[in-house]
Each structure stands twice: as structure tokens, then as C-alpha cells.
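Undergrad:
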Amino acid sequence: MIRKFLAVLLIFNVTACAELQEIAKQLPQSGSIGNAEIASGLRQALDFGIDKQVTKLTQKDGFYKNELVKILLPDELQKVDKTLRDIGLSKLADEGLKVLNRAAEDAVKEATPIFVSAVKDITFADAKNILLGNDDAATQYLTNKTQTALYEKFNPVIKNSFSKVGADEIWNNLINKYNNIPFTNNVNPDLTDYVTVEALKGVYTMIAVEEKEIRTKLSSRTTDLLKKVFALQD
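Residues 0 to 233 (numbering that gives the first Met the number 0) are what the sequence shown spells out, left to right.
#1: For K81, count neighbouring Cβ atoms within 10 angstroms of its own Cβ and tell me buried if that reaches 16, exposed if not.
#2: Which residues in the same chain as K226 place their Cβ atom closer than 6 Å to its Cβ, once the five residues preceding and following it in sequence are excluded?
#3: Quick check on DSSP: helix, strand or coil for T222?
#4: DSSP on G95, reduced to helix/strand/coil?
#5: Among K200, N185, E209, which has the Cα closest to the Cα of E75?
#6: Would E104 pass as a contact of L56 if the rule is Cβ separation under 8 Å?
#7: In its own chain, which residues sit with a C-beta less than 7 Å from the C-beta of V107, not counting the 5 before and 5 after it?
#8: Go through its chain and collect everything with a Cβ distance to K69's Cβ below 7 Å, but skip five positions before and after it.
#9: Assuming I206 contacts K152 under a Cβ cut-off of 8 Å, what Cβ separation, rounded to an integer in Å, is found between them?
#10: Just curious, the alpha helix (DSSP H) that G40 is in, first and last residue?
#11: From Q232, Y177, T222, pick the residue whose C-alpha is nearest to that of D85; which is it?
#12: Please state the DSSP three-state secondary structure of L130.
#13: Identify the continuous alpha helix (DSSP H) that holds Q146 and give its terminal residues.
#14: I'd like to check one pair, V98 with A45: are the Cβ atoms closer than 8 Å?
#15: Should K59 be labelled buried (16 or more other beta-carbon atoms within 10 Å of its own) or exposed?
#16: I'd like the list of long-range same chain contacts for K51, defined as Cβ closer than 8 Å, with 5 residues on each side in sequence excluded.
#17: Measure the C-alpha to C-alpha separation of L131 and K78 and round it to an integer number of angstroms.
#18: Out of T204, T183, S218, S39, point me to the one whose CA is closest to D120's CA.
#19: Inspect the beta-carbon positions of D135 and T215 and report whether they are closer than 8 Å.
#20: Can you find the residues in the same chain that come closer than 6 Å, C-beta to C-beta, to K191, ignoring five residues on each side of it along the sequence?
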């Protein structure tokens with residue numbers, strides 16, 4: 000009886016070990032992937048975010064009809080918008096809002112190569128911490144490392160875009176009409192700075208969208224590297 004019991008126990012142990020080994024083969028082996036490869040996977044995810052999501056922002060209405068990134072009027076211009084609508088200039092007010100978004104769409108189109116270059120230069124010294132962080136950890140890291148430099152690059156592009164899409168002319172007309180209304184305080188907002196900041200927010204927002212997709216959906220990991228690296232955080 001004891002011999003039979005031991006024989007059954009032995010068979011069970013051998014079977015269990017075989018099953019455990021099979022399971023282990025399917026698990027990500029952290030020892031077989033280093034920080035350099037993890038960093039490459041994270042950079043690839045960010046590159047995909049730029050290529051797939053940020054490119055959408057460069058299309059007509061890429062900002063204007065995308066509620067995630069649509070540029071609204073700054074606080075100091077809310078009263079301008081309301082006052083113009085109250086006196087029957089709603090069409091002008093609508094056009095003023097639209098051209099702010101047009102300038103951002105145009106600027107992102109010209110500045111995307113700069114952003115791609117910035118991504119390539121990033122070294123993730125703490126790659127695993129980013130990988131195992133929040134759904135937008137890589138995007139937040141990228142934001143902290145590139146925001147100042149990208150602002151300096153985006154700002155002159157936005158300024159040129161204002162002229163290109165006619166935003167400067169429309170807003171000069173719009174603000175002049177408002178400033179000529181009796182009993183109103185004159186406004187002269189720095190729209191170039193405002194749209195630059197909002198355009199950058201839009202870029203990072205859309206990269207975060209793609210990062211979350213790759214982190215949470217296996218079907219979004221379209222390369223072997225992405226599958227291998229992001230399996231570590233599952």
C-alpha cells in the first residue's frame with residue numbers, strides 16, 4: 000500500500016514539475032532582457048505614439064474636432080468671445096477659435112521631426128521603473144525631459160503658423176472690434192505663447208493615448224520587441 004502511495008506521489012511530482020516548467024517557459028524572463036532592450040522598447044512605443052497618434056493632429060481639424068486636445072480660448076478671452084457673440088459677431092468668434100487650432104495643426108506638422116529626434120536621444124537610466132509605472136509613465140518622463148526644448152522649437156513655428164493660416168489677421172480684427180466696444184477693458188493676450196503650450200499638451204496627450212494602448216492591449220504590441228518588453232509589466 001505504501002509502495003503504491005509513493006509511486007502515485009512520484010508520478011504526481013513529475014507531472015507537476017513538467018507543468019510548472021511549461022508555465023515558466025511562457026512567463027517573461029526578466030533576467031534575459033536588460034535595461035538597454037527595455038529602453039529600446041519604450042522608445043519604440045513612443046515613436047509609435049508619434050507616428051500613429053501625433054500625425055492625426057497634423058490633419059485638418061486634428062485639434063479642432065478632437066475633444067481630447069481641442070484648444071479653447073484662454074480665460075482672458077472668454078469675455079471677448081461672449082461679448083462678440085452678444086452683439087451678433089458669433090461667426091467671427093467661431094473663426095477666431097478655429098484658427099487657433101489651425102495654427103497648432105500646422106505647427107505640429109512642421110515640428111514633428113524635432114520631436115522624433117528628441118525621443119531618439121532619450122536614455123532611460125531607470126527604464127524598468129518607467130516600464131512598471133503608470134499607464135503614461137514613459138510619456139510623463141518624456142514630457143519632463145523635452146518640454147522646455149520643444150517649447151523653444153514650437154514657439155517660432157506657431158508664430159509663423161499664425162501668419163500662414165491667417166490667425167494673426169483674424170485675431171487682430173477680433174480684438175480691435177472688442178477693444179472698440181464702449182466700457183470694455185482692452186486686452187492684448189500673448190496668443191503665440193498660449194497656443195504653443197496647448198499644442199505641446201496635445202502632442203503629449205496623444206502619445207499617452209498610444210502608450211496606454213500598448214500597455215493594456217496585447218493586439219497593440221505589433222512588434223516582437225514590444226511584445227517582449229511589455230510582457231514584463233503584465
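We put the beta carbon where it would ideally sit given N, CA and C, even for glycine.
Every value quoted in this text rests on a predicted model; they were computed, and no experiment measured them.
TA: Taking the geometry as given:
#1: Position 82 of the sequence shown, counted from the start, is the residue given in the question as residue 81. K81 is exposed by the Cβ-count criterion.
#2: In the sequence shown, residue 226 corresponds to position 227, counting from 1. Excluding five sequence positions before and after K226, the CB atoms of its chain that fall closer than 6 Å to its own CB belong to R220, given in chain order.
#3: Counted from its first residue, the sequence shown places residue 222 at position 223. In this structure, DSSP gives T222 a state outside helix and strand, which the three-state scheme calls coil.
#4: Residue mapping note: residue 95 aligns to position 96 of the sequence shown, counting from 1. Reduced to three states, the DSSP call for G95 is helix.
#5: Taking the sequence shown and counting its residues from 1, one reaches residue 75 at position 76. The candidate whose alpha carbon is nearest that of E75 is N185.
#6: One-based indexing of the sequence shown puts residue 104 at position 105. One-based indexing of the sequence shown puts residue 56 at position 57. Yes.
#7: On the sequence shown, residue 107 is found 108 positions in, with the first residue counted as 1. Excluding residues within five positions, the ones whose Cβ falls inside 7 Å are V53, L56, T57, A198, V202.
#8: As a position in the sequence shown, residue 69 is number 70, starting the count at 1. Closer than 7 Å at the Cβ level, and outside the excluded window around K69, lie F62, Y63, N100.
#9: Against the sequence shown, residue 206 aligns to sequence position 207. Against the sequence shown, residue 152 aligns to sequence position 153. Not confirmed; about 16 Å, so no contact.
#10: Working through the sequence shown from its first residue, we reach residue 40 at position 41. Counting along the chain, the alpha helix (DSSP H) containing G40 begins and ends at 34-48.
#11: Position 86 of the sequence shown, counted from the first residue, corresponds to residue 85. Between D85 and the set Q232, Y177, T222, the nearest pair of CA atoms involves Y177.
#12: Taking the first residue of the sequence shown as 1, we reach residue 130 at position 131. In the structure shown, L130 sits in a helix (DSSP, three-state: H, G or I).
#13: As a working mapping, residue 146 is identified with position 147 in the sequence shown. Following the DSSP letters along the chain, one finds Q146 inside the alpha helix (DSSP H) bounded by residues 136-163.
#14: Taking the sequence shown and counting its residues from 1, one reaches residue 45 at position 46. Taking the sequence shown and counting its residues from 1, one reaches residue 98 at position 99. Inspection of the sequence shows that residue 45 is occupied by Leu rather than by Ala. Taking C-beta atoms as the reference points, L45 and V98 fail to come closer than 8 Å.
#15: Locating residue 59 in the sequence shown gives position 60, where the first residue counts as 1. So K59 counts as exposed.
#16: Locating residue 51 in the sequence shown gives position 52, counting from the first residue. Within the same chain, E209 come within 8 Å of K51 by CB-CB distance, once the 5 residues on both sides are set aside.
#17: Numbered from 1 along the sequence shown, position 132 holds the residue referred to as residue 131. Numbered from 1 along the sequence shown, position 79 holds the residue referred to as residue 78. C-alpha separation (whole angstroms): 45 Å.
#18: Taking the first residue of the sequence shown as position 1, residue 120 is located at position 121. Minimum Cα distance to D120 is reached at S39.
#19: Mapped onto the sequence shown, residue 135 falls at position 136. Mapped onto the sequence shown, residue 215 falls at position 216. No, the pair does not count as a contact, with Cβ atoms beyond the cut-off.
#20: Sequence index remark: in the sequence shown, residue 191 carries index 192 (1-based). Checking the sequence, you will find Thr at residue 191 rather than Lys. Result list for T191: I157, K158, in chain order.
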